[in-house]
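Enquirer: Have a look at this one before I ask anything.
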Amino acid sequence: MNKRIAVIGGRPAPIHGAKALGIDVVLVHQPGDYEDDILSHCEQVVHAPLDDAAAIIKVLEPLHRERPFARIITTTEVAGESTGKVVDHFQLTGVSYKTAHLLKDKVAMRKLLAEHDLSPVAYRHVTCAQDAIDFVAEHGRSVLKPAEGVASLHIHPCFDADTATQAWQALKHAEVRHIIIEEYLDGPVVSVDSFSFAGRHLPIGYSQYRMNDKYVEWEVSTPSTDAAKWLPELMDMTCRLLDAVELVEGPSHSEFVLTDKGPRVLESHARLAGSGAPELVRRAFGLDLNRMFLTVPLGIDELPLQSPQPKAGAAIQFFVPTPGTVRKVELDLKPDVDVRHTRPGETPRVFLPFLFELGEAQQAVVIQKHEGDTIPALDTVADCVSGYVLATGSSREDAVRIGDELVQAVHFIMEPKA
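Okay, here's the thing in structure tokens:
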């Protein structure tokens, strides 16, 4: 008999190929938020708000009584804590609410890291403007941000009383209630993608970023050359971090800043990374995190004993045209580039349309904007909606070079400003 799991959310839902693997998937999602072609990979879809544990339990409970789930899992940030509560309710192995909460709440995570003498970073839970002013007076250049923030939203560097006050006021205006201030971590940002099973953690891929002045990443590339000289420390710190938050199973994505004092934890997540990182890891390191997400917890595939060595380089770069209205998009691409277009007038239900279909393409371009469409300013990762290029190369640098050439061959012609 096939093994049965429930998957909470995902854009795209990471369940392609589940039936062929002998896995019956019940997908819990919100109406209109999942792609139609995912239905062929599911046993059924049930609807519930992804951040409402009680609602998810209500729709899953009769199905669990009828035929128990082996696992209940998610890879979307909004469902992390709610899925943890559901896992605890059904007493299943997986990411508990405790683990999900520690990873989401940056104040709780910083406190835990300090208790474990891991990645020392000065921080403070901020409840008023004076807290921020006092912290900056003591530690100098700092960052004020939501303690449960995602997608690089509402991050405010501050260096004196005036900028600390302005940052506090901006967060209050945005109705952010849970706020943290941290010492500014100066250096390149890198990440480590890992997988855990039975409490054993396997670091797999390591990537680096290019980002704008609002800390929004518009390119991910792997294997990171920035991380190379710090690799033993990064691998060790990743495993110690995952032990500290008591992660026992599943994918994780941990981000670090490489300071002149060594790597420092920026944040971590008990899920697959966004921005196409699992596809980059597959291309560069040969392990398919999307498949492992389904198979390793169920014992279909074994977790490898050792971290893989890179065999290639891979990069994804988002188009970031000048904000405004599109007049037309012109392409000057070579014939061997796989080019895809979303349908004019339709908003894709997934963040990276066609990603699974482009698995064999060495060079690919996806265009998501058409005549009359609006290009937004790049304020968060969610604004990376104009399309992307995907490239595999002999190294990270080679893949980045190919990606740059692909981007330069796509011309977004904008309407002149009035």
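In this text, residue positions in the sequence shown follow UniProt numbering: the first is 1, and each later residue adds one. Note that CB positions come from ideal geometry on N, CA and C, so glycine has one too. Given the structure is predicted, the values throughout are model-derived calculations rather than measurements.
Using a Cβ-Cβ cutoff of less than 6 Å, which residues in the same chain neighbour V107 once the five nearest sequence positions on both sides are dropped?
Expert: Once the five neighbours on either side are set aside, the close Cβ partners of V107 are H125, A147 and I180.
Enquirer: What number of angstroms, rounded off, separates the C-alpha of D36 from the C-alpha of H411?
Expert: Computed Cα separation, rounded: 31 Å.
Enquirer: To which residues of the same chain is N290 closer than 6 Å at the C-beta, ignoring the five residues directly before and after it?
Expert: Cβ neighbours of N290 beyond the five flanking positions: P14 and P278.
Enquirer: So the alpha helix (DSSP H) E115 belongs to, where does it begin and stop?
Expert: Counting along the chain, the alpha helix (DSSP H) containing E115 begins and ends at K106 to E115.
Enquirer: Give a yes or no on whether the C-beta atoms belonging to S191 and S254 are separated by under 9 Å.
Expert: Closer than 9 Å, so yes.
Enquirer: DSSP three-state call for Y388: helix, strand or coil?
Expert: Looking at Y388 - three-state DSSP - the assignment turns out to be strand.
Enquirer: From G262, E182, R283 and I5, pick the residue whose C-alpha is nearest to that of M109; which is it?
Expert: Among G262, E182, R283 and I5, the Cα nearest to that of M109 is on E182.
Enquirer: Going by the beta-carbon positions, is the gap between L185 and V136 smaller than 9 Å?
Expert: For L185 and V136, no; Cβs fall outside 9 Å.
Enquirer: Leaving aside the five residues before and after P353 along the sequence, list all residues of the same chain whose C-beta is less than 8 Å from its C-beta, in chain order.
Expert: Excluding positions up to five away in sequence, the list reads R340, T342, V366 and Q368.
Enquirer: Thinking just about the alpha-carbon of each residue, which of Q208, R240 and L202 is nearest to the one in T225?
Expert: Among Q208, R240 and L202, the Cα nearest to that of T225 is on Q208.
Enquirer: Quick one: residues in its chain with C-beta nearer than 8 Å to the C-beta of E415, no 5 flanking neighbours on either side, listed in chain order?
Expert: Excluding residues within five positions, the ones whose Cβ falls inside 8 Å are G324, T325, V326 and R327.
Enquirer: Does the Cβ-Cβ distance between S194 and P251 come in under 9 Å?
Expert: Contact: yes.
Enquirer: What residue from H29, R271 and R200 has the CA that sits closest to T235's CA?
Expert: Checking the displayed sequence, the identity of residue 235 turns out to be Met instead of Thr. The shortest C-alpha separation from M235 is found at R200.
Enquirer: Quick check on P297: buried or exposed, where buried means 16 or more other Cβ atoms within 10 Å of its Cβ?
Expert: Buried: at least 16 other Cβ atoms inside 10 Å.
Enquirer: Rounded to whole angstroms, what's the CA-CA distance from M8 to T322? Just pull it up for me.
Expert: The sequence given here has Ile at residue 8, not Met. Whole-angstrom Cα-Cα distance: 36 Å.
Enquirer: Would you give the residue range spanned by the beta strand (DSSP E) that K145 belongs to?
Expert: It spans S142 to P146 - the beta strand (DSSP E) in which K145 sits, taken as one unbroken run.
Enquirer: Kindly indicate which three-state DSSP category R264 falls into: helix, strand or coil?
Expert: Strand at R264.
Enquirer: Between F159, D404 and V329, which lies nearest to I316 when the distance is taken from Cα to Cα?
Expert: It is D404.
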